[in-house]
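Take the sequence shown: its position 455, counted from the start at 1, is 669 in my numbering, and no numbers get skipped.
No residue lacks a Cβ here, since even glycine has one placed at the ideal position from N, Cα and C.
These figures come from a predicted structure and were not determined experimentally.
These notes concern the structure reproduced below.
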Amino acid sequence: MPSEAAKKRQAKKKAASQSKGKPKPAVENGVEDSNAMKNGASAKTGLSNRSSTGVLASHELSRDVKIENFSITFHGVELLTDTKLELNCGRRYGLLGLNGCGKSTLLETIGQREIPVPAHVDIFHLKNEIEASDKTALECVMEVDEERLRLEAEAAELTKLGDQGSERLFDIFERLDELDADKAQTMAAEILSGLGFTAAMQGTKTRDFSGGWRMRIALARALFVKPTLLLLDEPTNHLDLDACVWLEEELKGYKRTLVIISHSQDFLNGVCTNIIHMHQGKLVYYGGNYDSYVKTRSELEENQMKQYCREQDQIKHMKDYIARFGHGSAKLAKQAQSKEKVLNKMVAGGLTEKVTRDKLLSFYFPDCGKLAPPVVQVQTMSFKYSKDKPVIYKDLDFGLDLESRVALVGPNGAGKSTLLKLLDGTLTPSDGLIRRHNHLKICRYHQHLQDMLELDLSALAFMMKCFPEIKEVEDMRKSIGRYGLTGKQQVCPMRNLSDGQRCRVVFAWLSFQTPHMLLLDEPTNHLDMETIDALADAINDFGGGMVLVSHDFRLINQVAKEIWICEKQTVTPWKGDILSYKEELKKKVSKKHLS
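Encoded structure:
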């Protein structure tokens with residue numbers, strides 16, 4: 215039976231539904247979202263390298279957020295200048311832009327309320343993992359007492375307004391129903407299950423999880439709370455392909471406002487209703503998903519370029535006429551004066567700007583020469599981390615050569631990253647052998663490589679220190695520039711670079727080692743679309759072998775010739791391509807929802 219509080223909410227919800235759509239006055243004392251506060255979205259303490267300005271242009275009680283004259287400065291650099299931020303309830307926005315343009319800084323600015331977001335718009339900015347504690351994963355997701363109290367307090371305030379606050383009241387009662395104890399545990403467990411948590415893991419203390427798994431718990435909590443404004447910065451970075459497919463299906467039904475940064479074109483296509491492009495200090499808005507954005511932007515830029523060329527031709531002809539006949543006969547001089555007036559009027563009215571193309575990158579992995587196959591031979595190999603730990607692989611047999619282009623897929627915990635560590639010798643098999651060619655040089659890319667960067671050094675100084683055989687600074691500048699770091703980005707401290715820009719430094723460092731085989735563990739994390747495409751081109755041009763672990767379906771589709779499933783202590787080739795594998799995962803997610 216429903217609780218007494220739930221019954222009262224149902225009655226109020228019914229009353230609110232009968233008066234939706236009436237005028238709404240402003241709320242003066244809304245309560246800030248407790249989850250947003252825990253994620254750094256309220257109190258602004260200490261010094262910051264970021265400053266922002268903006269004016270609220272939407273109604274104070276509206277669930278839409280419109281900020282005009284919006285500007286952000288970071289480390290003295292203007293990221294946005296007098297632009298408009300517009301977030302409408304019910305829309306799911308994909309935030310795009312080149313690495314270093316300020317996408318994460320924009321989310322941070324919104325999340326910390328450095329612009330006048332109305333107090334009743336609760337924000338959850340997912341950027342940190344749940345702290346390690348004795349609470350279980352399930353308890354952390356369900357721990358929303360502060361959120362429930364905040365909603366009840368806001369409902370009490372709106373009730374005083376009578377019918378005028380009904381639309382917001384209706385939404386609040388709906389959310390309170392979802393947080394009701396009768397439903398909460400089942401809902402929280404379903405979310406955790408979708409993100410890869412078994413029943414046993416849901417009851418495990420958070421201090422026993424790695425940072426990546428605690429980030430999943432934080433994501434589960436965000437999905438459980440369902441804030442009015444949900445800000446997600448690359449939420450798929452810590453997920454396997456199974457969880458990515460589940461999250462895509464979950465977010466495509468998000469009813470409130472979602473702003474998401476993602477490097478996955480496939481994911482954005484499945485989730486987004488709108489795209490915001492950070493470009494040249496402005497926010498440019500497009501309807502539809504990523505594919506629609508690409509098509510619309512291409513058409514708009516083509517039309518803009520045609521208009522620009524027409525105007526420039528007109529200007530050239532008028533200037534030539536004025537120069538030739540401006541001092542001729544009275545009749546010709548008068549015509550020249552007339553054309554000069556037209557020209558001045560065109561300039562005063564504003565000329566069409568030339569289209570500024572995004573700078574194309576060209577990654578490069580140097581020629582590694584030839585080695586006789588197989589360069590890696592795995593023979594009846596078994597592995598577990600210790601005697602009391604479960605077996606991860608048992609009796610594996612396979613070979614790799616410089617023609618290999620393999621993508622490893624499968625659920626988290628199946629041992630994909632472990633297999634890469636076994637291949638490069640970081641880990642030693644418990645039984646069996648891994649034979650490597652005597653001259654084989656393997657380079658493994660993984661996220662922890664960023665930890666070896668000396669952040670007080672510039673990218674240029676760091677690379678010169680790592681490779682002292684490069685004597686000429688200009689030669690190193692050109693090499694780093696190939697990876698999209700130019701000008702000041704090469705000489706400023708690396709701590710001032712974005713995560714994506716630091717990843718580019720790591721790729722430059724890897725390529726200088728001239729590997730025969732690349733082992734890439736989630737290489738797309740923090741990279742923008744253009745950089746991922748450049749990476750794909752470089753891999754396809756690379757003369758060596760590659761084994762890839764990635765949650766980016768598009769990258770796998772671009773570079774992999776074989777798909778291997780890591781599961782149940784073995785590795786099994788998938789007969790189709792990665793897109794057919796995704797369809798299989800979607801079927802599994804659908805069956806879960808139905809059961």
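Taking a contact as a CB-CB distance under 8 Å, the pair T566 and E525 counts as one, their CB atoms being some 5 Å apart. The criterion of a C-beta distance shorter than 8 Å is not satisfied by L762 and L793. In the three-state DSSP reduction, H452 falls in the helix class (H, G or I).
In the three-state scheme derived from DSSP, where H, G and I count as helix and E and B as strand, T267 is classed as strand.
For Q727, there is no enclosing alpha helix (DSSP H), as DSSP gives it neither H nor E. For L636, the uninterrupted alpha helix (DSSP H) run begins and ends at K630 to D638, by DSSP.
In this structure, L732 places its C-beta atom within 8 Å of the C-beta atom of C657. Excluding sequence positions up to five before and after L641, its CB lies within less than 6 Å of the CB of K635, all in the same chain and listed in chain order.
Look at Q416 here: in three-state DSSP terms it is helix. With respect to the C-alpha of A346, the residue from K802, G426 and L301 having the closest C-alpha is G426. The criterion of a C-beta distance shorter than 8 Å is not satisfied by I529 and L309.
Approximately 7 Å separates the beta-carbon atoms of S764 and P737; this is inside 8 Å, confirming the contact. Looking at the DSSP output, S644 shares a beta bridge with no other residue. Within the stretch 659 to 721, the complete alpha helix (DSSP H) segments of 4 residues or longer fall at 673 to 680, 687 to 695 and 702 to 705, listed in chain order.
The beta carbon of A432 is closer than 7 Å to those of L340, N342, E343 and I344 in its chain, skipping five residues each way along the sequence.
About 5 Å separates the beta carbons of L610 and V592, which is inside the 8 Å limit, making them a contact pair. Contact between L445 and I286 is absent: CB atoms are separated by about 15 Å, not below the 8 Å threshold.
In this structure the stretch 620 to 632 lies against the stretch 447 to 461, because at least three pairs of beta carbons, one per stretch, are closer than 8 Å.
Here the alpha carbons of L514 and S506 stand approximately 12 Å from one another. Annotated three-state conformation of F338 is strand, per DSSP. When the beta-carbon positions are compared, K280 and M492 stay at least 8 Å from each other.
If you look at V561, you'll find it in the alpha helix (DSSP H) that goes A544 to G563. V761 carries a strand assignment under DSSP once its states are collapsed to helix, strand and coil. Taking a 10 Å sphere around the C-beta of S476, we find 16 or more other C-beta atoms and assign the residue as buried.
Taking a contact as a CB-CB distance under 8 Å, the pair Y659 and V605 does not count as one, their CB atoms being some 27 Å apart.
The beta-carbon distance between T350 and R264, rounded to whole angstroms, is 36 Å. This is too long to meet the 8 Å contact definition.
The C-beta separation of R691 from Q703 comes to about 11 Å, leaving the pair out of contact by the 8 Å criterion.
For the options F767, Y307 and Q664, the alpha carbon positioned closest to that of L724 is the one of Q664. In the three-state reduction of the DSSP assignment, Q593 falls in the strand class, which pools E and B.
Inclusion of E282 and G304 in the CB contact set at 8 Å is not warranted, their separation being larger than that value.
By the Cβ neighbour-count rule, I684 is exposed, with fewer than 16 other Cβ atoms within 10 Å of its own.
DSSP places G613 within a strand segment (E or B) once states are collapsed to three.
Residue burial is scored here from C-beta neighbours: D480 has at least 16 other C-beta atoms within 10 angstroms and is therefore classed as buried. When M666, F577, G629 and D447 are compared, the shortest CA-CA separation from Y599 is found for G629. F539 and D527 have their C-alpha atoms roughly 18 Å apart. DSSP places S285 inside the beta strand (DSSP E), whose first and last residues are V279 to F288.
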